[in-house]
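Numbering (our numbering), first residue to last: 7 to 90. Beta carbons: idealized from backbone N, C-alpha and C, even for Gly. Please read these numbers as outputs of a predicted model, since none were measured by experiment.
Shown next, in the form of structure tokens:
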């Protein structure tokens with residue numbers, strides 16, 4: 007089975023839950039890129055290690071390893087992110 011490489015958009019409350027669950031419970035999936043406009047990069051690196059981090063969702067989506075995107079932002083922002 008092909009490995010699922012995920013870009014996670016939003017690392018707030020639900021994003022953190024999804025990140026943890028993917029990391030702990032899915033051997034065929036991993037988060038390889040994360041974007042969040044409000045999260046501090048140094049704090050992210052301390053909490054999540056070497057996962058690619060950016061403030062720009064388009065950079066996470068276009069990461070060369072990504073083959074799936076998980077939108078974990080406020081509902082009102084979903085359409086704009088998906089259209090990007």
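Problem set entry | Beta-ladder partner(s) of residue 11, from DSSP | According to DSSP, which records beta bridges pairwise, residue 11 is partnered with 36.
For this session: Taking only the alpha-carbon atoms, compute the straight-line gap between residue 40 and residue 7 and give it to the nearest angstrom.
Result: Linking residue 40 to residue 7 through their CA atoms gives a straight-line distance of about 23 Å.
Problem set entry | Secondary structure of residue 49, DSSP reduced to three states | In the structure shown, residue 49 sits in a helix (DSSP, three-state: H, G or I).
For this session: Please state if the CB of residue 28 and the CB of residue 36 are separated by a distance shorter than 8 Å.
Result: Yes. Within cutoff.
For this session: Could you pull out every residue in the same chain whose Cβ sits closer than 6 Å to the Cβ of residue 74, ignoring the five residues on either side in sequence?
Result: Here the set comprises 10 and 12.
Exercise. According to DSSP, which residues form a beta bridge with residue 57?
Worked result: The partner list for residue 57 (beta bridge, DSSP) is empty, contrary to what the question assumes.
For this session: Might you give, ordered along the chain, the residues of its own chain that have their beta carbon closer than 7 Å to the beta carbon of residue 62, omitting 5 neighbours on each side?
Result: These residues qualify, in order along the chain: 41.
Exercise. In or out: residue 21 buried (at least 16 other Cβ within 10 Å) or exposed?
Worked result: Counting of Cβ neighbours within 10 angstroms places residue 21 among the buried residues, the total reaching 16 or more.
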